[in-house]
Amino acid sequence: MSLNEALSRTLLLMRTDLDASVPDGALVDALTSVRVVLHAGADAMATHSGQTALVTAALTMARSGHEVWIDGADVDTIGAQPPLEPGSLIDAIVAVGQDLLPGCSIARGAPPNTDLAVTIGTVATSIESTRRIAIDAGDWWGRIAPQSAGWSGLDWPLGGICAGVLVASEAFRIAMRRLANHARARDYFDELYAETADATFALAPENTPKTISLPHFDLVSGGAIANAALFALARLPGVVGSGRVLDDDVSALSNLNRNALLVRSALEIAKVTDLTRRAKGIAIDPEPVRYVMGMPVAPIVLVGVDDIPSRWAVQAAAPYWLGVGATEGFAVLVSSHTPGQACVGCLHPAAASPTGPIPTAAFVSLLSGLLLVARWLRSLGLEGPALADQQAFINALRPEGWTYGAMPVAPNSNCPVGCAASTTRTAA
């Protein structure tokens, strides 16, 4: 097992904006040289939300090969934090860190010099760092800021996950800036990978219900988006529900960079089997099969497959509510579809199936799955299942622009599914 192989999909993504001549070793060095310390404040660590932010930030950065340190007093875990085992929080994070990328780990304490010091809650610290930021979270939002104003969240974890993603995005951009001399287009590169000074990202309206009794669902795919969705759902306090996960693949070393619930000791195990034991509180029926046209589906289906014809096939089975999470490069696309609305075929009318390994990184996939869960929970509230903003399209590198990514989906007369909305438009 090599670190290069474990990071292979991340290295592909890094090459998007770099000269082709940059060797893999330089990319790995850029990732692994980023040193981050997470200062865990007592106020934040007394909440499920704050603990979730710490776990998310630490594990997501570790999956990109960054050197992660945790500075704070250990406390008992509050609620479920898979893939951590219950017990002492920081001890559990460090233990999982030993079981992620080969040769990498998560350390306790505060090193003398860091590239990024992150304050979670209220902390007094004087260690040297090239840059300091603070994060905060509410029920449905995450925030990055220059200085800490304490911790706002309590028991609802989704804002904490969002805040952790913000940190991981910042750390990744530090690594990329070390490669700026190899940029294909320097002005564009400098703007895309610049620091974020202050940003708040709302996952859902504040009046979105905190639903913990989930309707029965199907999850088509056991890959990165499915991992991210269950990473979020399993953390909901007191969550109950049941669902199927359909995927015929086993976990490989190259999945460690993005599958949020996967650890190295679970490689070569069926993805659906591993997810079954990670999804605390949710009764998962694992089906190690690939979804094909004609298979029946539950009324609610979450889809994370990259293959677009597979999305059409699920849509053709006519679920009551279909949610799709996807990534392409650094872009995140999440959509939802109900009868009468433009369907997934209207949104993705061309069957451009992926060829070869897909470039991706931990924070990008996690954001997609998190937004998919938030969209599902929104559909269970006052907004109803037919959300007006059917899709969200955002760049995971630039949180300042996330607010502007929500938009409707228009019926497409070339829809390959032939949904009612598309045929009505054709007739008109």
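Our numbering puts the first residue of the sequence shown at 44, with every later residue one more than the last.
Idealized CB from N, CA, C, for every residue including glycine.
These numbers come from a predicted model, not from an experiment.
| query | According to DSSP, is Thr95 helix, strand or coil? | reply | Taking the sequence shown and counting its residues from 1, the one referred to as residue 95 is at position 52. Correct three-state label for Thr95: helix.
| In whole angstroms, what is the alpha-carbon distance linking Pro125 and Ala404? | Here residue 125 refers to the residue found at position 82 of the sequence shown. Here residue 404 refers to the residue found at position 361 of the sequence shown. If I take the Cα positions, the gap works out to 19 Å.
| request: Determine the extent of the beta strand (DSSP E) in which Leu262 is found, giving its start and end residues. | output: Taking the sequence shown and counting its residues from 1, one reaches residue 262 at position 219. Element bounds for Leu262: Phe260 to Val263.
| query | Per DSSP, Gln434 forms a beta bridge with which residues? | reply | Numbered from 1 along the sequence shown, position 391 holds the residue referred to as residue 434. Under DSSP, Gln434 shares a beta bridge with Ser378 and Met450.
| query | Should Asn455 be labelled buried (16 or more other beta-carbon atoms within 10 Å of its own) or exposed? | reply | As a working note, residue 455 is residue 412 in the sequence shown. Flag for Asn455 reads buried.
| field | C-alpha distance - His109 paired with Ser212, whole-angstrom precision | value | If you number the sequence shown from 1, residue 109 lands on position 66. If you number the sequence shown from 1, residue 212 lands on position 169. Cα to Cα, His109 sits roughly 12 Å from Ser212.
| Reduced DSSP secondary structure (H/G/I, E/B, other) of Glu330 | Counting from one through the sequence shown, the residue named residue 330 turns up at place 287. Three-state result, Glu330: strand.
| task | Have a look at Pro66 and Thr157 and give me their C-alpha separation to the nearest angstrom. | result | As a working note, residue 66 is residue 23 in the sequence shown. As a working note, residue 157 is residue 114 in the sequence shown. Distance between the alpha carbons of Pro66 and Thr157: 25 Å.
| query | What's the call for His82, buried or exposed, on a 16-neighbour Cβ count within 10 Å? | reply | Stepping through the sequence shown from its first residue, residue 82 is reached at position 39. Buried.
| query | Among His391, Gln433 and Leu97, which one has its Cα closest to the Cα of Val111? | reply | Mapped onto the sequence shown, residue 111 falls at position 68. Put simply, of His391, Gln433 and Leu97 the residue whose alpha carbon is nearest the alpha carbon of Val111 is Leu97.
| Would Ile170 pass as a contact of Ala160 if the rule is Cβ separation under 9 Å? | Numbered from 1 along the sequence shown, position 127 holds the residue referred to as residue 170. Numbered from 1 along the sequence shown, position 117 holds the residue referred to as residue 160. Result yes, Cβ atoms of Ile170 and Ala160 sit closer than 9 Å.
| query | What residues match up with Phe373 in a beta bridge as DSSP calls it? | reply | Locating residue 373 in the sequence shown gives position 330, where the first residue counts as 1. Paired residues: none, contrary to the question.
| request: Consult DSSP for Ser353 and reduce its assignment to one of helix, strand or coil. | output: Locating residue 353 in the sequence shown gives position 310, where the first residue counts as 1. In this structure, Ser353 counts as helix in the three-state DSSP scheme.
| message | If I follow the unbroken alpha helix (DSSP H) through Glu213, where does it start and stop? | response | Here the question's residue 213 lines up with position 170 in the sequence shown. Glu213 -> alpha helix (DSSP H) spans Leu201 to Arg220.
| Buried/exposed call for Asn47, threshold 16 Cβ in 10 Å | The residue you call residue 47 lines up with position 4 of the sequence shown. By the neighbour-count criterion, in which a residue is buried when 16 or more other Cβ atoms sit within 10 angstroms of its Cβ, Asn47 is exposed.
| query | Whose C-alpha, out of Val348, Asn250, Thr99 and Glu234, is nearest the C-alpha of Val208? | reply | As a position in the sequence shown, residue 208 is number 165, starting the count at 1. It is Thr99 whose Cα lies nearest to the Cα of Val208.
| said: DSSP three-state label for His109, please. | reply: Translated into positions along the sequence shown, residue 109 becomes position 66. Coil, per DSSP.
| request: Return the Cβ separation of Gly286 and His259 in integer angstroms, given the expectation that the two are a contact with Cβ distance under 8 Å. | output: As a working note, residue 286 is residue 243 in the sequence shown. As a working note, residue 259 is residue 216 in the sequence shown. Yes, Gly286 and His259 are in contact; Cβ-Cβ is about 6 Å, under 8 Å.
| said: Run through the DSSP bridge pairs and tell me what Asp179 is partnered with. | reply: Here residue 179 is taken as the residue at index 136 of the sequence shown, counted from 1. Bridge partners of Asp179: Arg186.
| task | Check whether the Cβ atoms of Gly146 and Ala105 lie closer than 9 Å to each other. | result | In the sequence shown, counting from the first residue as 1, residue 146 sits at position 103. In the sequence shown, counting from the first residue as 1, residue 105 sits at position 62. No.
| said: Could you pull the DSSP bridge partners for Ser408 from this structure? | reply: Position 365 of the sequence shown holds residue 408. Beta-bridge pairing links Ser408 to no other residue.
| field | Residue from Ala138, Thr120 and Val137 whose Cα sits closest to the Cα of Gly130 | value | Translated into positions along the sequence shown, residue 130 becomes position 87. Gly130 has its Cα closest to that of Thr120, out of Ala138, Thr120 and Val137.
| said: Can you tell me whether Ile163 is helix, strand or coil according to DSSP? | reply: Taking the first residue of the sequence shown as 1, we reach residue 163 at position 120. Ile163: strand per DSSP, three-state reduction.
| Distance between beta carbons of Gly383 and Cys458, contact taken as under 8 Å | Here residue 458 refers to the residue found at position 415 of the sequence shown. Here residue 383 refers to the residue found at position 340 of the sequence shown. Going by Cβ atoms, the distance from Cys458 to Gly383 rounds to 13 Å, so no, they are not a contact pair.
| Proximal residues to Leu296 (C-beta, below 7 Å), its chain only, five neighbours per side dropped | The residue labelled residue 296 in the question sits at position 253 within the sequence shown. Excluding residues within five positions, the ones whose Cβ falls inside 7 Å are Met44, Glu48, Ala49 and Leu310.
| task | Could you tell me whether the stretch 344 to 361 touches the stretch 258 to 276, using the rule of 3 or more Cβ pairs below 8 Å? | result | Result yes; three or more Cβ-Cβ pairs closer than 8 Å.
| Measuring CA to CA, which of Leu61, Ile401 and Arg221 is closest to Asp72? | Walking along the sequence shown from the start, residue 72 turns up at place 29. Looking at Leu61, Ile401 and Arg221, the one whose alpha-carbon comes closest to that of Asp72 is Arg221.
| field | Whether Thr59 touches Gly372 by CB criterion (9 Å) | value | Indexing the sequence shown from 1 puts residue 59 at position 16. Indexing the sequence shown from 1 puts residue 372 at position 329. Closer than 9 Å, so yes.
| Between Phe215 and Leu74, what straight-line distance do the alpha-carbon atoms span, to the nearest angstrom? | Taking the first residue of the sequence shown as 1, we reach residue 215 at position 172. Taking the first residue of the sequence shown as 1, we reach residue 74 at position 31. Computed Cα separation, rounded: 7 Å.
| query | So, using beta-carbon positions, are Arg307 and Ala277 closer together than 9 Å? | reply | On the sequence shown, residue 307 is found 264 positions in, with the first residue counted as 1. On the sequence shown, residue 277 is found 234 positions in, with the first residue counted as 1. No, they are not a contact pair.
| request: Closer than 6 Å by C-beta to Pro428: which residues in its own chain qualify, once you throw out the five before and the five after it? Chain order, please. | output: Locating residue 428 in the sequence shown gives position 385, counting from the first residue. Same-chain partners within the cutoff: Trp364, Thr381 and Ser422.
| field | Span of the beta strand (DSSP E) around Leu289 | value | As a working note, residue 289 is residue 246 in the sequence shown. For Leu289, the enclosing beta strand (DSSP E) starts and ends at Gly284 to Leu289.
| task | Look up Gly324 in the DSSP assignment and give the residues it is bridged to. | result | The count along the sequence shown starts at 1 and reaches residue 324 at position 281. Answer is none; Gly324 lacks a bridge partner.
| request: Leaving out five residues on either side along the sequence, give the residues of the same chain with a beta carbon under 6 Å from the beta carbon of Leu54. | output: Position 11 of the sequence shown, counted from the first residue, corresponds to residue 54. Once the five neighbours on either side are set aside, the close Cβ partners of Leu54 are Asp67 and Leu70.
| query | Between which two residues does the alpha helix (DSSP H) carrying Arg52 extend? | reply | Here residue 52 is taken as the residue at index 9 of the sequence shown, counted from 1. From DSSP, the alpha helix (DSSP H) with Arg52 extends over Ser51 to Met57.
| query | Since Thr75 is in the alpha helix (DSSP H), which residue starts that stretch and which ends it? | reply | Numbered from its first residue, the sequence shown carries residue 75 at position 32. First-last of the alpha helix (DSSP H) with Thr75: Asp67 to Thr75.
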